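Asks: For the sequence shown, this note's numbering begins at 8 and goes up steadily by one.
All residues carry an ideal CB built from backbone N, CA and C; glycine is no exception.
Predicted model only: the values in this text are computed from it and were never measured.
Sharing a structure with you now.
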Amino acid sequence: GANYKENFIKWTSGDQKIDDIIRRSQSNPIFADQVLEWIDYQEFNVHELIGEGGFGKVYSAEWHKGPRDLYNIELNKWVRRGPTQVALKILKSDSTKIVEDFFVELDAIMRINAPLFIAKTFGISKDPKQNKYVIVMEMYSLGDLKTFLSKRKNMRFLERAALIGWLAAGLLKIHENNLIHRDLHSRNVLMKYNDDPNFQGPRNLGLIADFGLCKSDDGKFVVVEGVKSYVAPEVLEGFPYTRESDIYSYGKVVQDVFANNPSHLIDVLTANCLSREPSNRPDIKKIFIFLKEVVVFYELGSDGFFNIFYRESNELKSVKQELNRIYHYDYSNMKERLIKSSENLIAAFPIHEGGLLMSCSSLNSTLKEVVRVPIDRIQLMLDSVIETLSIYIYWREKIQTYKPPEVKPKVEPKSPEPDLRSESKPSEQTQTLSKT
């Protein structure tokens, strides 16, 4: 932070509030990815227009110095990457308040520190000719999700499920930090290939970008042509954006990813995400756990789909009641009984039963290994198991009650009735010619 503070007097954005946002991000950063810079526009060699949205235009450019990459302890300063390809998003809004509000939210988003889930923003600049603020972002060579999908039509189910699961994890981080995206669609998901051999997730990562950029100067959201179908119906009717509105948009993105690749479980997911009533849509944690289990069971083969989601709801609820009894039990002699109960729970499920089995096993092994387990730790673990089980019950009931939309049979167009008059006897002239 000290290295940044030395330069505070050497620059200004021209707006005190934006200066404060940038300086705050530089004051006590825990990670380098949490730092915003003020970047002189002269440091860019702007190339070409590569996109346009409700917020403004996007240009490709080369940043001569590049971002701060590594901190040199011996020199006590940051070392820059050097010439770097970046994307410049030029905000078209003339409203200072709209721009300030956006950067306040950008600062909050960067503090989440989720570089594998949220597109990287290097800093802020200003185009002196247009007098417009500019967001300086990392350039992603695989392009946006829509472009990516158009070039990979033969992706396997597992790749598609892992991709939307990754997006759900990113949206979960956003919602857990009391933020709302407000403009999620396939053009606002940027694709990155992860070549780290030690990385456990999917190779093709979808990173979420452009949070709430589509505002007009009166503070209202602008619905851009081409993305209207991603916007929740209540928002189109004038109601404010909510987390449930994000879920609707997420459901539309899932439909894009699985277009022409039908799956019963994915159909259940999208049908609930796209519910007309916002309160009927699942929250993002339910979606994330659902997709995590779908991926796990799919990897185990088709038999894996006969999993906990297809168990009877009564069976799941009885297990939940058992856990609740444990949770509220008299702790004076609870340890032995709790171990026995958790062993019974494990025995009730096949060995491949995903997240729930792991939660129960974790509880069981902890109780056996630790002589005195703090009560608050036990309660925390029970909370996790009960919450996970509640989500399983939720999806079990959704799967049980799901009815696929009726597909109306195609009606073949009727052949035109033959014109009987055209089949009348030949004219006298024709008869005369035929006789000759």
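Looking at C-beta atoms only, is the number of pairs between the stretch 267-277 and the stretch 236-244 that lie closer than 8 Å three or more?
Replies: These segments do not touch.
Asks: Relative to the alpha-carbon of Glu112, which residue among Lys64, Ile171, Val65 and His188 has its alpha-carbon at the smallest distance?
Replies: Among Lys64, Ile171, Val65 and His188, the Cα nearest to that of Glu112 belongs to His188.
Asks: Would Leu174 pass as a contact of Ile215 if the rule is Cβ separation under 8 Å?
Replies: A contact, by the Cβ cut-off of 8 Å.
Asks: Tell me which residues share the same chain as Gly63 and place their Cβ nearer than 6 Å to its Cβ, disregarding the 5 neighbours each side in the sequence.
Replies: Cβ within range, chain order: Ile97, Leu98 and Lys99.
Asks: Secondary structure at Ile97, three-state DSSP: helix, strand or coil?
Replies: Three-state DSSP puts Ile97 in a strand.
Asks: Is the beta carbon of Phe295 sitting closer than 8 Å to the one on Gly172?
Replies: Yes, the Cβ-Cβ distance between Phe295 and Gly172 is below 8 Å.
Asks: For Gly245 and Phe155, what's the separation of their Cα atoms in angstroms?
Replies: When rounded, the distance between both Cα atoms is 32 Å.
Asks: How would you call Asp47, buried or exposed, if buried means at least 16 neighbouring beta carbons within 10 angstroms?
Replies: Classification of Asp47: exposed, given that the 10 Å Cβ count is below 16.
Asks: Buried or exposed: which applies to Thr19, given that a residue is buried once 16 or more other Cβ atoms fall within 10 Å of its Cβ?
Replies: Thr19 should be labelled exposed.
Asks: Arg31 lies in the alpha helix (DSSP H); which residues open and close that run?
Replies: Note, Arg31: alpha helix (DSSP H), Gln23 to Ser34.
Asks: How long is the line joining the alpha carbons of Arg30 and Gln23, rounded to whole angstroms?
Replies: Arg30 and Gln23: Cα-Cα distance of roughly 10 Å.
Asks: Can you find the residues in the same chain that come closer than 7 Å, C-beta to C-beta, to Tyr255, ignoring five residues on each side of it along the sequence?
Replies: Taken in chain order, the residues that qualify are Ala239, Cys280, Leu281 and Arg288.
Asks: By the DSSP assignment, the beta strand (DSSP E) with Ser256 in it spans what residues?
Replies: Element bounds for Ser256: not the beta strand (DSSP E) but the alpha helix (DSSP H), Arg250 to Val264.
Asks: What does the alpha-carbon distance come out to for the pair Glu413 and Gly177?
Replies: Distance between the alpha carbons of Glu413 and Gly177: 33 Å.
Asks: Apart from the five residues on each side of it in sequence, which residues of its chain come closer than 8 Å, Cβ to Cβ, to Val378?
Replies: With a pLDDT of 44 at Val378, under the threshold of 50, the modelled position of this residue cannot be trusted; read the value that follows with caution. Once the five neighbours on either side are set aside, Val378 has no close Cβ partner at all.
Asks: Counting only the same chain and skipping the five closest in sequence on each side, list residues whose C-beta sits under 6 Å from that of Thr277.
Replies: Counting only Cβ-Cβ distances below 6 Å, and skipping sequence neighbours, we find Gly258, Val261 and Gln262.
Asks: Among residues of its own chain, excluding the 5 on either side of Ser193, which ones have a beta-carbon nearer than 6 Å to its beta-carbon?
Replies: So the qualifying residues of the chain are Leu152, Lys153, Val260 and Asp263.
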